[in-house]
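All remarks here apply to the structure that follows.
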Amino acid sequence: VYPDASFASKKVAKRIANLIIAKNEKGEKTILGLATGATPIKVYAELIRLHREEGLSFENVITFNLDEYYPMKPDAAQSYVTFMNENLFDHIDIKKENIHIPDGTLKQENVAAFCLEYEKKISSYGGLDLQVLGIGRTGHIGFNEPGSAPNSGTRLVTLDDLTRRDASHDFGGKENVPVKAITMGIGTIFKAREIILMAWNYKKASIIKKAVEGEISSDVPATYLQLSENVEFVLDEEAAAELT
Ligand code: F6R
Numbered sequence: 019v020y021p022d023a024s025f026a027s028k029k030v031a032k033r034i035a036n037l038i039i040a041k042n043e044k045g046e047k048t049i050l051g052l053a054t055g056a057t058p059i060k061v062y063a064e065l066i067r068l069h070r071e072e073g074l075s076f077e078n079v080i081t082f083n084l085d086e087y088y089p090m091k092p093d094a095a096q097s098y099v100t101f102m103n104e105n106l107f108d109h110i111d112i113k114k115e116n117i118h119i120p121d122g123t124l125k126q127e128n129v130a131a132f133c134l135e136y137e138k139k140i141s142s143y144g145g146l147d148l149q150v151l152g153i154g155r156t157g158h159i160g161f162n163e164p165g166s167a168p169n170s171g172t173r174l175v176t177l178d179d180l181t182r183r184d185a186s187h188d189f190g191g192k193e194n195v196p197v198k199a200i201t202m203g204i205g206t207i208f209k210a211r212e213i214i215l216m217a218w219n220y221k222k223a224s225i226i227k228k229a230v231e232g233e234i235s236s237d238v239p240a241t242y243l244q245l246s247e248n249v250e251f252v253l254d255e256e257a258a259a260e261l262t
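Here the sequence shown is numbered in UniProt numbering, starting from 19 and rising by one per residue.
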């Protein structure tokens, strides 16, 4: 628990940078799982600063984003492609071919094959070294909403009503928020060698209490993280306020 989100975000960015540097020294690539949303923005801003001012290179970094709305055009303002470009990728030296984000433009009949391929691609790089997560007020990680199975893989899911309400501001009304999304599964996330879940603000305090101290249940998918040895929650004081 850190005093505020800015300080905590710098710590997380530093860990990511140190991982990239250590991997580089061994001549290895770093495989990162990334999240969108408000939570990681300051981490990405700090990574951009480390790139610009301290020479951190992303040349040997491969990224896999957690999710994308479905359907979604990559150049739409609300797409996670646009989000990632604006908040990170356009400002660092990552190679375009090393960026992976679920494809919101696929025909529905092609989605299942794409999802299998996404899993295979992650495995082909030896799995995720580090997965960065936020948490939704439904307890979702990625877009694994209540009811998601612990061994779920990348797939097409239906968004919870609360998730669509929370996104309504970005879309100018809940009715414009896509009903579905493609997301990595809980099982996909679990395979990462390190998982960092971040949450800031009092608005996340009650779901953080459930995720950390509640009974493990598909009603709050983030509770599955209690079963992993490789998870760390990084919180500000407000998000941690209800923890015992
Ligand atoms: C985003 C994602 C979601 C968000 C969560 C929190 O890629 O997978 O699980 O992390 O909805 O969103 P924010 O950070 O906007 O509160």
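Note that beta-carbon positions come from the ideal geometry of N, C-alpha and C, so glycine has one too.
The beta strand (DSSP E) spanning Asp85 covers which residue range? 85 to 88
Rounded to a whole number of angstroms, what is the C-alpha to C-alpha distance between Val30 and Asn36? 10 Å
Start and end residues, beta strand (DSSP E) containing Arg173: 173 to 176
Under 8 Å: does the beta carbon of Lys222 sit that close to some heavy atom of ligand 1? yes
Neighbourhood of ligand 1 [Cβ distance below 5 Å to any heavy atom], ordered by chain position: Ala53, Thr54, Gly55, Ala56, Thr57, Leu84, Asp85, Gly152, Gly154, Gly160
Could you check the C-alpha separation between Ile39 and Ala56 for me, to the nearest Å? 26 Å
Count the other CB atoms within 10 Å of the CB of Asp22; is the residue buried (16 or more) or exposed (fewer)? exposed
On the criterion of 16 or more Cβ atoms from any shown chain inside 10 Å, does Ser224 qualify as buried, or is it exposed? exposed
With Gly154 and Ser236 assumed to form a contact (beta carbons below 8 Å), what rounded beta-carbon distance in angstroms separates them? Actually they do not touch by this definition, with Cβ atoms about 14 Å apart.
Would you kindly work out how many angstroms separate the C-alpha atoms of Ile234 and Glu71, rounded to a whole number? 43 Å
For His158, does the count of other Cβ atoms within 10 angstroms reach 16, so buried, or fall short, so exposed? buried
Could you tell me the alpha carbon to alpha carbon distance between Ser142 and Gly232, rounded to whole angstroms? 35 Å
What residue from Tyr220, Met216, Val249 has the CA that sits closest to Thr54's CA? Met216
Stretch pair the segment 95 to 113 + the segment 62 to 76: three plus CB contacts closer than 8 Å: yes
Could you check if Gly149 is buried or exposed, using at least 16 other CB atoms within 10 Å of its CB as the buried criterion? First, the amino acid is wrong: residue 149 is Gln here, not Gly. Buried is the call here.
Roughly how many whole angstroms lie between the Cα atoms of Thr172 and Thr201? 5 Å
Let's see if you can read the secondary structure: which residues bound the alpha helix (DSSP H) around Ile204? 204 to 208
Give me the Cα-Cα distance between Ala94 and Thr100, rounded to the nearest whole angstrom. 7 Å
Is Leu134 close to chain D? Criterion is C-beta to C-beta, closer than 9 Å. Judged by its chain identifiers, the structure shown contains no chain D, having just a single protein chain.
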